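Notes follow once the structure below has been shown.
Protein chains: 2
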Amino acid sequence: FKMIKAALSVLLVLVAMSSAKYIPKSGKRIPQTLSRGWGDQLIWAQTYEEALYWARSRNKPLMVLFHLEDCPHSLELRKVFSEDNGIQRMLDEEFIVLNLMYETTDKHLSPDGQYVPRIIFVDPTMTVRADIVGRYSNRMYAYEPLDIKLFKSNMEKAKKLLKSEL
Amino acid sequence: FKMIKAALSVLLVLVAMSSAKYIPKSGKRIPQTLSRGWGDQLIWAQTYEEALYWARSRNKPLMVLFHLEDCPHSLELRKVFSEDNGIQRMLDEEFIVLNLMYETTDKHLSPDGQYVPRIIFVDPTMTVRADIVGRYSNRMYAYEPLDIKLFKSNMEKAKKLLKSEL
Numbered sequence: 180f181k182m183i184k185a186a187l188s189v190l191l192v193l194v195a196m197s198s199a200k201y202i203p204k205s206g207k208r209i210p211q212t213l214s215r216g217w218g219d220q221l222i223w224a225q226t227y228e229e230a231l232y233w234a235r236s237r238n239k240p241l242m243v244l245f246h247l248e249d250c251p252h253s254l255e256l257r258k259v260f261s262e263d264n265g266i267q268r269m270l271d272e273e274f275i276v277l278n279l280m281y282e283t284t285d286k287h288l289s290p291d292g293q294y295v296p297r298i299i300f301v302d303p304t305m306t307v308r309a310d311i312v313g314r315y316s317n318r319m320y321a322y323e324p325l326d327i328k329l330f331k332s333n334m335e336k337a338k339k340l341l342k343s344e345l
Numbered sequence: 180f181k182m183i184k185a186a187l188s189v190l191l192v193l194v195a196m197s198s199a200k201y202i203p204k205s206g207k208r209i210p211q212t213l214s215r216g217w218g219d220q221l222i223w224a225q226t227y228e229e230a231l232y233w234a235r236s237r238n239k240p241l242m243v244l245f246h247l248e249d250c251p252h253s254l255e256l257r258k259v260f261s262e263d264n265g266i267q268r269m270l271d272e273e274f275i276v277l278n279l280m281y282e283t284t285d286k287h288l289s290p291d292g293q294y295v296p297r298i299i300f301v302d303p304t305m306t307v308r309a310d311i312v313g314r315y316s317n318r319m320y321a322y323e324p325l326d327i328k329l330f331k332s333n334m335e336k337a338k339k340l341l342k343s344e345l
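Protein sequence lines, in the order shown, are assigned to chains S and H. Basically our numbering = 1-based index in the first sequence + 179. Basically our numbering = 1-based index in the second sequence + 179.
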């Protein structure tokens, strides 16, 4: 009886070992999220191709946000952006959203150069709305925390869709 | 005294309300992860551009995995793939990893068409390793759960880097 019990314990340990999940040598990691702190409740597209597909098929404007996690300007904007429930609700209900830390190969997404933070709207007709700009003439698609009201009025502009030429 | 207490309660409620986070009408969502169940402990690239940058700068081979969350073949493969600690460790330590549900614009990533599941290796010289194939002649980059041993030997092939021509 004792033998069976011992055998069972060994078996249990073996089963537990074989089903143990992989853990990196450097320790367990927190799974990465697509939101990266810009709105945990939003449904973020992963890639520009995916975002364009969603924008077209749902006939919603797309917001593409370029940022970096070690850029203080990005982080300051992220704080007000993610905590503004008006922005979050409008993005969730009326926009397709994508945040990127690496540039795409599509040059239309950098009308006046590559910098962060930079926010570009794209119409569901796949036209980049280069006309929707912020306050700074040298970085036309940059926003600072104080520009949040301007950003909201730009969202309203983006919601007025261009007529499809199809 | 009672008045002050009442005023304080009102203030507290107001503070709590103003700092309440945005919650969608359909209810709170679980933040999306980049792993999508293919290895929660791996550091996944978000886009192909990002993945290529990492592959080049760290001189590691890149694995690009195309899948769909409503494809039973993808889900079957995901189960054995995510639970195989050998694969997970090797990917974590020696590869750059990317999983995609939408095709990129780069046709080199679909040498024999677009289907899922499909796994393509890319050398850090940015050469797509079209020579590293699975068992099926009509879908050369597909793997089934039973092909996991073949997949591991293909990972070994991908680790033997091509000589850079630079």
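Ideal Cβ positions, reconstructed from N, Cα and C, are used throughout, including at glycine. Just so you know, these numbers come straight off a predicted model, no measurement behind them.
Contact between the region 180–188 of chain H and the region 327–339 of chain S is absent: fewer than 3 CB-CB pairs across the two stretches fall below 8 angstroms.
Burial of L244 (chain S) is indicated by the presence of at least 16 other C-beta atoms within 10 angstroms of its C-beta.
Spatial neighbours of L329 (chain H) in its own chain (CB-CB distance under 8 angstroms, excluding positions within 5 residues in sequence) are listed in chain order as G313, R314 and Y322. Under the Cβ criterion of 8 angstroms, S214 (chain S) is counted among the residues facing chain H. Here DSSP, grouped into helix, strand and coil, assigns R314 (chain H) to coil. Using a Cβ distance threshold of 8 angstroms, R318 (chain H) and D291 (chain H) count as a contacting pair. In this model, E262 (chain H) and I299 (chain S) are separated by some 40 angstroms (Cα to Cα).
The DSSP-derived three-state label of V259 (chain S) is helix.
Under the three-state reduction of DSSP output, L325 (chain S) falls in the helix class.
Taking the Cα positions, F180 (chain H) is about 29 angstroms away from A199 (chain H). Residue environment for G218 (chain H): buried (at least 16 other C-beta atoms within 10 angstroms of its C-beta).
Counting only Cβ-Cβ distances below 7 angstroms, W223 (chain H) has contacts in chain S at Q211, in chain order. Spatial neighbours of H287 (chain S) in its own chain (CB-CB distance under 7 angstroms, excluding positions within 5 residues in sequence) are listed in chain order as V307. Q220 (chain H) belongs to the set of residues whose beta carbon lies under 8 angstroms from a beta carbon in chain S. In this structure, I327 (chain S) lies away from V276 (chain S), with their beta-carbon atoms at least 8 angstroms apart. With a threshold of 16 other beta carbon atoms within 10 Å, I209 (chain S) falls short and is exposed.
Annotation for N264 (chain S): the continuous alpha helix (DSSP H) segment containing it runs N264 to E273. For R235 (chain S), the enclosing alpha helix (DSSP H) has its first and last residue at Y227 to R237. The Cβ atoms of T212 (chain H) and Q267 (chain S) lie no closer than 8 angstroms to each other. Excluding the 5 residues flanking it on each side, L325 (chain S) has no same chain C-beta neighbour closer than 8 angstroms.
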